[in-house]
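This report refers to the structure that appears directly beneath it.
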Amino acid sequence: MAYFYSEPSRTFSEYLLVPNLSTKECMPGNVDLKTPVVKFKAGEKPSLQLNIPVASAIMQSVSDNNMAIALARCGGISFVYGSQTIGNQAEMVRKVKKYKAGFVISDSNLSPDNTLRDVVEIKERTGHSTIAITEDGTPTGKLVGIVTSRDYRLSRASMDQKIHEFMTPFSQLIYGQEGITLKEANDMIWEHKLNCLPIIDSEQKLVYLVFRKDYDSHKENPNELLDQNKRLVVGAGINTRDYKERVPALVDAGVDVVCIDSSDGYSEWQSDTIRWIKETYNGEVKVGAGNVVDREGFRYLVNAGADFIKVGIGGGSICITREQKGIGRGQASSVIEVSAARDEYFKETGIYVPICSDGGIVHDYHIVLALAMGADFVMLGRYFARFDESPTRKIKVGGNFVKEYWGEGSNRARNWQRYDMGGDSKLGFEEGVDSYVPYAGKLKDNLDTTIHKVKSTMCNCGALSVSDLQQKARLTLVSATSIKEGGAHDVILKDKELSSS
1 MAYFYSEPSR TFSEYLLVPN LSTKECMPGN VDLKTPVVKF KAGEKPSLQL NIPVASAIMQ
61 SVSDNNMAIA LARCGGISFV YGSQTIGNQA EMVRKVKKYK AGFVISDSNL SPDNTLRDVV
121 EIKERTGHST IAITEDGTPT GKLVGIVTSR DYRLSRASMD QKIHEFMTPF SQLIYGQEGI
181 TLKEANDMIW EHKLNCLPII DSEQKLVYLV FRKDYDSHKE NPNELLDQNK RLVVGAGINT
241 RDYKERVPAL VDAGVDVVCI DSSDGYSEWQ SDTIRWIKET YNGEVKVGAG NVVDREGFRY
301 LVNAGADFIK VGIGGGSICI TREQKGIGRG QASSVIEVSA ARDEYFKETG IYVPICSDGG
361 IVHDYHIVLA LAMGADFVML GRYFARFDES PTRKIKVGGN FVKEYWGEGS NRARNWQRYD
421 MGGDSKLGFE EGVDSYVPYA GKLKDNLDTT IHKVKSTMCN CGALSVSDLQ QKARLTLVSA
481 TSIKEGGAHD VILKDKELSS S
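Residue 213 in full-length UniProt numbering sits at position 213 of the sequence shown, with consecutive numbering throughout.
Next up, the structure:
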């Protein structure tokens, strides 16, 4: 006979945190958000931990090298999406590991034979007004010029005009040589009143660009997530099909941790993948697994050797797995049960296995709820898709700027490996949608606000660390009426545009 859960499947929005005593120590500035990413033994420190408990989702529309750099500089981690060629993914990882604060690898490049039309297209697509012109149009080709908005006037020029006819040629450029320090580069920018300083090697090949507008962001970031060689930390998504080829390429590129990307991780395919990685690399390569929603799934993957477990099925804003297949569970219920299983496992073995809550985060306070329920960090897709650093286009729809956001199970992504159940190598039906999210600007500006909210909420709970929160938090279920009561009600809200004028 089928098993029936006695309790309903619950989401984060059905819970609130009840305040504890806030001592005089409970100030946001005293809260430490460091949290483990990979398993460790009692009394030891984890080999990899985050400075803030957030990760960006393994998605085409979220996590590329630019997102990984931006998030690692803030203290979190990105898992570069795996639904691309092995070579492309490894190159993204390599770019993150090679990143030097303030030195940007050019990602808007053209050749001298391209046209003004190509310049305009890049500017509309990326928002970049400075375009490096190299002989072959690649980021590392021989630099022959620069194009900025000062080099052309759309009202007078032909869209078919060749770039070499109006670019600022190399002979007129101020540039730095490879090996220059950031301070020296910034001094040159200010001395020569430049907006951009190209950095070249001994063969005149482009290496980096340094921008005036990034000057303030070059100051040391105390939350930057670095490895032992002072390089940014980055993760990568893998699947259970080509892992024997993909994992070695990612390891060679310098990846810090990999994670199997699957809508349902409670499978023999994941067990085989984990065991192969652990045996091949003598346990040195760290691997996360999932997604699961219960004790049995957690136990199965941990016994296979997983270093952390990802929790959640069907809770993502673009996920329609529950609609299509009737598979899943409310995110709060999932995190609560898996966390209990983790604590049980820790008591039995003395090994702590971190949990990542993936999906179901709608409001910033949901992050605190997930942590209070036992998660060690959360994985966010929609949240990060809104920012400049996500790899999708910013476009105007209905008078408002939005960014594209699509699920890995959508026809656009066609990431069949994520939903693989054996058999044909194809996506049988959609488990995700193609959508837009409101454009929100720069990652750091928004994430700083979110993290301040998280710390403030933890102070209300009398907690100064994630583990402290997990021990002290008190949670209550809420009724539909109390949910309504929690927002603005029984007032006439002023129109924001009118009130600001």
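Using N, Cα and C, we set each Cβ at its ideal position, and we do this for glycine too.
Bridge partners - residue i, DSSP secondary structure assignment
i, result
"Val292", "Val311"
"Ala132", "Asn109 and Ile146"
"Arg474", "Val18"
"Lys442", "None, per the DSSP bridge assignment."
"Glu408", "Paired residue(s): none; Glu408 is not in a bridge."
"Ser465", "Asp32"
"Ile355", "Ile309"
"Ser435", "Tyr405"
"Ala4", "The sequence as given places Phe at residue 4; Ala does not occur at that position. Phe4 is not bridged to any residue."
"Met379", "Ala55 and Asp358"
"Phe387", "Gly441"
"Val120", "According to DSSP, which records beta bridges pairwise, Val120 is partnered with nothing at all."
"Thr115", "Lys162"
"Val104", "Leu209"
"Lys97", "DSSP lists no partner for Lys97."
"Asp395", "The sequence given here has Ile at residue 395, not Asp. Partner(s): Val402."
"Leu226", "Leu232"
Counted within 10 angstroms of its Cβ, other Cβ atoms place residue i as buried (16 or more) or exposed
i, result
"Ala192", "A small fix is needed here, since residue 192 is His in this sequence, not Ala. So His192 ends up on the exposed side."
"Lys24", "exposed"
"Pro391", "buried"
"residue 503", "Within the shown structure, residues of the chain are numbered from 1 to 501, placing residue 503 beyond reach of any answer."
"Val147", "buried"
"Tyr5", "exposed"
"Ser247", "Position check: residue 247 holds Val in this sequence, whereas Ser was assumed. It is buried - the Cβ of Val247 has at least 16 other Cβ atoms within 10 Å."
"Asn109", "buried"
"Gly290", "buried"
"Arg212", "exposed"
"Pro354", "buried"
"Thr349", "exposed"
"Asp187", "exposed"
"Arg73", "buried"
"Arg150", "exposed"
"Arg125", "exposed"
"Val258", "buried"
Alpha-carbon to alpha-carbon, residue j and residue i
i, j, result
"Ser78", "Lys394", "21 Å"
"Val402", "Thr140", "31 Å"
"Leu33", "Ile351", "21 Å"
"Asn20", "Val104", "46 Å"
"Val378", "Val119", "39 Å"
"Leu48", "Lys41", "13 Å"
"Ile86", "Ser22", "50 Å"
"Tyr383", "Lys45", "30 Å"
"Ala55", "Val251", "20 Å"
"Glu7", "Gly462", "29 Å"
"Gly381", "Asp272", "27 Å"
"Ala90", "Cys26", "43 Å"
"Ser61", "Thr481", "36 Å"
"Leu443", "Leu50", "17 Å"
"Val255", "Tyr281", "13 Å"
"Ser155", "Gln161", "13 Å"
"Pro198", "Gly283", "42 Å"
"Gly137", "Tyr152", "19 Å"
"Lys426", "Phe387", "The predicted model places Lys426 with a pLDDT of 49, which falls under 50 and marks its position as unreliable; any figure quoted below should be read in that light. Answer to the nearest angstrom: the Cα atoms are 31 Å apart."
"Gly434", "Leu182", "With the sequence shown as reference, residue 434 is identified as Asp, and Gly is not the correct amino acid for it. Approximately 41 Å between the Cα atoms of the pair."
"Leu16", "Gly326", "27 Å"
"Gly399", "Lys494", "21 Å"
"Ile451", "Thr134", "41 Å"
"Gly316", "Glu245", "29 Å"
"Asp264", "Gln270", "10 Å"
"Leu447", "Leu143", "36 Å"
"Arg474", "Trp190", "54 Å"
"Lys39", "Ala306", "8 Å"
"Ile260", "Tyr300", "14 Å"
"Ser171", "Gly145", "8 Å"
"Glu389", "Thr130", "17 Å"
Residue-level contact to chain C via CB, residue i, 8 Å cutoff
i, result
"Gly254", "Among the protein chains of the structure shown there is no chain C, as only one such chain exists."
Exercise. Is there contact here, the segment 336-348 with the segment 288-306, by at least three beta-carbon pairs under 8 Å?
Worked result: The segment 336-348, when compared against the segment 288-306, does touch it at the 8 Å Cβ threshold.
Problem set entry | the segment 9-21 contacting the segment 357-373, beta-carbon criterion three pairs below 8 Å | yes
Exercise. If we count Cβ pairs, one from each stretch, closer than 8 Å, do we get three or more for the segment 177-193 versus the segment 219-228?
Worked result: Proximity of the segment 177-193 to the segment 219-228 falls short of the contact definition, fewer than three beta-carbon pairs being nearer than 8 Å.
Problem set entry | Residue ranges of each alpha helix (DSSP H) within the segment 156-200, 4 or longer | Those alpha helix (DSSP H) runs which fall completely within the segment 156-200 and span 4+ residues are 182-191.
Exercise. Should the segment 157-166 be regarded as contacting the segment 228-236, the criterion being three or more beta carbon pairs within less than 8 Å?
Worked result: no
For this session: Report yes or no: do the segment 328-338 and the segment 302-311 share at least 3 C-beta pairs separated by less than 8 Å?
Result: yes
Problem set entry | Segments assigned alpha helix (DSSP H), at least 4 residues, entirely inside the segment 17-95 | The segment 17-95 contains these whole alpha helix (DSSP H) runs: 65-74.
Problem set entry | Three or more C-beta pairs below 8 Å linking the segment 461-479 and the segment 365-379 | Contact between the segment 461-479 and the segment 365-379 is present: three or more C-beta pairs spanning the two stretches fall below 8 Å.
Exercise. Does the count of Cβ pairs from the segment 111-118 and the segment 274-286 closer than 8 Å reach three?
Worked result: no
Exercise. Are at least three pairs of beta-carbons, each pair with one atom in the segment 93-112 and one in the segment 51-71, less than 8 Å apart?
Worked result: yes
For this session: Only counting runs of 3 or more residues, tell me where the beta strand (DSSP E) segments fall wholly within the segment 228-298, in order along the chain.
Result: Counting whole runs of 3 or more residues, the segment 228-298 contains the beta strand (DSSP E) stretches 235-238, 257-260 and 287-292.
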